[in-house]
Amino acid sequence: MADEATIIFNYEKAIKQADELVGIAKEVRKVVNANIAESLTAIDKNWDGENSVKFIKKGNVLKGKISDSADDIEKIAGDIRIMAKRIYDAEMEAIRIARQRAAAQ
């Protein structure tokens, strides 16, 4: 069984990693909303024809898929937080029970 300091350290590390994932998701969204959207707008203004329309449609599909990936990254971060909290609570409870038993003997 891990000691209390190790449990706290591991929990805080997991939460920090989840926060980093949220930061990555935000950066991905920023790229999608700024760079890709700007590029598609510029293409729409400067390129006429059937192929332009097809390219922009594919670009918008790609933009949507990237946004969905950012959503998935944030969901994973949330799942990490939930699992880390459950593990933290279970390990702290195990320490509490072990201390209680040791005191009873």
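Using the numbering used here, read the sequence shown as starting at 7 and increasing by one per residue.
The beta-carbon is built from N, C-alpha and C at its ideal position, and this holds for glycine as well.
- Item | Contacts around Ala76, its chain only, beta-carbon distance under 6 angstroms, and the 5 residues preceding and following it disregarded | Ala31, Val34, Arg35
- Item | Boundaries of the alpha helix (DSSP H) in which Gln111 is found, first to last residue | Run containing Gln111: none; DSSP gives neither H nor E here.
- Message: Am I right that Leu46 and Ile79 are in contact with their C-beta atoms under 8 angstroms? What's the rounded C-beta distance?
- Response: 22 angstroms between Cβ atoms; not a contact.
- How many whole angstroms separate the CB atoms of Gly65 and Ile42, which I take to be in contact at a CB cut-off of 8 angstroms? 7 angstroms
- Query: Is it true that the CB of Ile72 sits closer than 8 angstroms to the CB of Val38?
  - Reply: yes
- Ala8 (DSSP reduced to helix, strand or coil): coil
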